[in-house]
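Visitor: The following block contains the structure, expressed as structure tokens.
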Amino acid sequence: MNIRVARSILPILCAIVLSFVLFYAYTIRSGGGDVLHLPSIPFIKPKPTDRRPPTTHAPPSFKPTPTFTPAAVTDPFPLLATSTPPPIPEYNIPRPNLHAEYGLDRAPPLYIGFTRQWPMLLQAVVSYITAGWPADGIFVVENTGVYNSNRDGKLSLQNPFYLNHTTLKRLGVNVLQTPVLLTFAQLQNFFLHEAYEHDHPYYFYSHQDAVVFSFEDGPDNTHRPSDGEWDFYDENDKEDMMLPASARQPGYRTIYENCLRELNQTLERGERWGIRWFQYDHLSLVNREAMEAVGGYDSMIPYYISDCDFNGKLLMDGWTAKHRRVGIINDVSSVMTNLGALYRIPHITPNFSDPNPMTPEREAKIKADKEKAEKEAEEKKKEEAAKNATEAGKPAPARRDTPMPEDPVEYFRALNQLGIDMGLHKYRDKDNLRNTWQVTQRGGVGEPFYYDAMGFGRAFEILTEAGKGVYREKWGHRDCDLISGTALRMEDQWHVEKDWEKPKEEDKPKEENKPKEGKKDGR
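Under UniProt numbering, the first residue of the sequence shown is numbered 1, with each subsequent residue one higher.
And the structure:
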């Protein structure tokens, strides 16, 4: 072999050997059976190929580079990469044709919209399945704007719009794709479109930042940050909702069965009903007829406050909206370190990590500001937990640093406490950190339909503010209280002056033009 050929082959051989070494280091297992991953490699943004035509203009001024970025996201359910899902607790397995037991011709679908942050979506889906919701009744609506890129496996985990179709199919859930990226209001109308297409008179929808449980341990009186005031029909109804039977006891119902029961009960009452909230809209039941009657969601109000517009129209038109209780629903912004915990796998200890933590400086400031209050709250929580456990004859939840029990109901106590902690973590700085999870993944450069993650977040904020402006012009009112704070009617849309501005002196009606005493304006 001549020297020139040897020199050309040597780098190739070195690359092959290095690949084998890296592969072996990645897949070697520890004594406990966990994969030993290599340390994460910092993401380096590749320099794009410059195909721009020549210019004589000065180069642009760039914004400061962020000094703090979240760590790369990890797969929260590695078990699904190589095998089918574990079995769910036997008492949560839904009975075949359960909807028929509640007088329903067909089971209403559950739609869960997705745009960003795959680990959060996967967590929500798995929590529904393990709580007893039939997997084939769940429809994940991929609203990413990347067309078939996820279906064809062209995006990486660090891409904000990454979604794993294979994993969802393994779980048994359905995946729908929107034709283009939709806003929140448009996505709500897409759910309505699907209900029309498949002749569903009623449907459920949920958000991906929810973790749900059934009442496996019986009554749960813990107040969660997003809980509202429950609506009861009478004392018997209140007792039924607030004192549910625990798993393996007569009368136990999963969150899914409670939802079907709630629909059946609502229909039997004969109300002109529009929506049922099960922790505001983290899980909702929608009447298609009501959506149609009020024109659905206003697409001109794309994001936040669009619900205020819709709910206001619904109530103005005489449709009822009630807060009902069907299960345990946690509003979260973090992800469990291993979703196998939801299947009650004993060697997995329930825990969570924040995908987008605050800067160390801000975290330290908040911790210092709240140290005293947190200590007092912790003492109170311990007292209440001990009191509740004594009253109900139940042991306190297992500590998360101890081996987990084999019995799924006992395991549930630690899992339920984890959900509570995740909810408190989301609101640890009031509402200021509620949506930080949406900007966690910041990779994907060079992948199909790439969009800068921080730019997407900023555009979202701009569109939200624009939508609030539309709402103000539409109703002449700024706040989310169209019913309790105004006398507005459906037909008043776009025809009223701003109620927070005092009329100018020359615009005030003259004395002779004022209505006479006793006259009404028709309202």
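For every residue, glycine included, the Cβ atom is placed at its ideal position computed from N, Cα and C. Small disclaimer: the values here were computed from a predicted structure and weren't measured.
The beta strand (DSSP E) spanning residue 283 covers which residue range?
Guide: It spans 283 to 287 - the beta strand (DSSP E) in which residue 283 sits, taken as one unbroken run.
Visitor: Given residue 305, which residues of its chain have a CB within under 7 Å of its CB, disregarding the five upstream and five downstream residues?
Guide: Cβ neighbours of residue 305 beyond the five flanking positions: 467, 468, 471 and 480.
Visitor: From residue 281 to residue 489, what does the alpha carbon distance come to, in whole angstroms?
Guide: C-alpha separation (whole angstroms): 24 Å.
Visitor: May I ask which residues mark the beginning and end of the alpha helix (DSSP H) holding residue 478?
Guide: No alpha helix (DSSP H) contains residue 478, which DSSP labels as neither H nor E.
Visitor: For residue 104, tell me which candidate among 147, 114 and 263 has the shortest Cα-Cα distance.
Guide: When only C-alpha atoms are compared, the closest one is 263.
Visitor: Tell me the residue span of the beta strand (DSSP E) that contains residue 177.
Guide: Per DSSP, residue 177 belongs to the beta strand (DSSP E) from 174 to 177.
Visitor: With H, G and I counted as helix, E and B as strand and the rest as coil, what does DSSP make of residue 239?
Guide: If DSSP states are grouped into helix, strand and coil, residue 239 belongs with the helices.
Visitor: With residue 442 as the anchor, note down where its alpha helix (DSSP H) starts and where it stops.
Guide: Run containing residue 442: none; DSSP gives neither H nor E here.
Visitor: Look at the Cβ atom of residue 168, then the Cβ atom of residue 141, and state whether they are nearer than 9 Å.
Guide: Against a cut-off of 9 Å, the Cβ pair of residue 141 and residue 168 comes out as no contact.
Visitor: Beta strand (DSSP E) containing residue 110: first to last residue?
Guide: Where residue 110 is concerned, the enclosing beta strand (DSSP E) stretches over 110 to 114.
Visitor: What residue does the beta strand (DSSP E) around residue 233 start on, and which one ends it?
Guide: That residue, residue 233, is in no beta strand (DSSP E); it is neither H nor E in DSSP.
Visitor: Residue 172 and residue 256 look like a contact to me (Cβ under 8 Å); what is the Cβ gap, rounded to whole Å?
Guide: Between residue 256 and residue 172 the Cβ distance is about 14 Å, and since that is not below 8 Å, they are no contact.
Visitor: Within 10 angstroms of its Cβ, does residue 426 collect 16 or more other Cβ (buried), or is it exposed?
Guide: Buried is the call here.
Visitor: Closer than 6 Å by C-beta to residue 515: which residues in its own chain qualify, once you throw out the five before and the five after it? Chain order, please.
Guide: Here residue 515 scores only 41 on pLDDT, less than 50, and its place in the model is too uncertain to base an answer on.
Visitor: Can you tell which of 316, 320, 122 and 308 has its C-alpha closest to the C-alpha of residue 287?
Guide: Of the listed residues, the one whose Cα sits closest to residue 287 is 320.
Visitor: What's the call for residue 338, buried or exposed, on a 16-neighbour Cβ count within 10 Å?
Guide: By the neighbour-count rule (16 or more Cβ atoms within 10 Å), residue 338 is buried.
Visitor: When burial is assigned at 16 or more other CB atoms within 10 Å of the CB, is residue 243 buried or exposed?
Guide: When all chains shown are included, residue 243 counts as exposed.
Visitor: Output the distance between the C-alpha atoms of residue 454 and residue 265, rounded to the nearest integer angstrom.
Guide: Rounded to whole angstroms, residue 454 to residue 265 spans 45 Å at the Cα level.
Visitor: On the DSSP bridge list, what partners appear for residue 212?
Guide: According to DSSP, residue 212 bridges with 329.
Visitor: What whole-angstrom Cβ distance do residue 110 and residue 139 have, given they're in contact under 8 Å?
Guide: About 7 Å; that satisfies the 8 Å criterion.
Visitor: List the whole-angstrom C-beta distance separating residue 248 from residue 91, where the pair is believed to meet the contact cut-off of C-beta under 8 Å.
Guide: Their Cβ separation, rounded to whole angstroms, is 6 Å, which keeps residue 248 and residue 91 in contact under 8 Å.
Visitor: Anyone know if the C-beta pair for residue 216 and residue 416 falls short of 9 Å?
Guide: In this structure, residue 416 lies closer than 9 Å to residue 216 by Cβ.
Visitor: Could you pull the DSSP bridge partners for residue 202 from this structure?
Guide: The partner list for residue 202 (beta bridge, DSSP) reads 287.
Visitor: According to DSSP, simplified to helix, strand and coil, what is residue 581?
Guide: In this structure the chain extends from 1 to 523, so residue 581 is not present and cannot be described.
Visitor: Check each candidate in 447, 441, 483 and 106 and name the one with the smallest Cα separation from residue 74.
Guide: It is 441.
Visitor: Bridge partners for residue 323 per DSSP, in chain order?
Guide: For residue 323, which the question treats as bridged, DSSP gives the partners 277.
Visitor: Tell me whether residue 316 sits in a helix, a strand or coil according to DSSP, three-state version.
Guide: In this structure, residue 316 counts as helix in the three-state DSSP scheme.
Visitor: What number of angstroms, rounded off, separates the C-alpha of residue 275 from the C-alpha of residue 285?
Guide: If I take the Cα positions, the gap works out to 6 Å.
Visitor: Between the segment 443 to 462 and the segment 151 to 168, are three or more C-beta pairs nearer than 8 Å?
Guide: In short, these stretches touch, since the Cβ pair count reaches three.
Visitor: For residue 16, count neighbouring C-beta atoms within 10 Å of its own C-beta (all shown protein chains included) and say buried if the count is 16 or more, exposed if not.
Guide: Per the 10 Å Cβ criterion, exposed.
Visitor: Would you be able to state if there are at least three C-beta pairs under 8 Å between the segment 183 to 192 and the segment 290 to 300?
Guide: Counting Cβ pairs under 8 Å, three or more are found: they touch.
Visitor: Can you check whether the CB of residue 200 is closer than 9 Å to the CB of residue 106?
Guide: A contact, by the Cβ cut-off of 9 Å.
Visitor: Look at the alpha carbon of residue 170 and the alpha carbon of residue 67, and state the distance between them as a whole number of angstroms.
Guide: Distance between the alpha carbons of residue 170 and residue 67: 39 Å.
Visitor: Under the rule that 16 or more other beta-carbon atoms within 10 Å means buried, what is residue 34, buried or exposed?
Guide: Note that residue 34 scores 42 on pLDDT, short of 50, meaning its location in the model is unreliable and no value can be drawn from it.
Visitor: Which of helix, strand or coil does DSSP assign to residue 301?
Guide: Looking at residue 301 - three-state DSSP - the assignment turns out to be coil, as it is neither helix nor strand.
Visitor: Name the DSSP bridge partner or partners of residue 307?
Guide: Beta-bridge pairing links residue 307 to no other residue.
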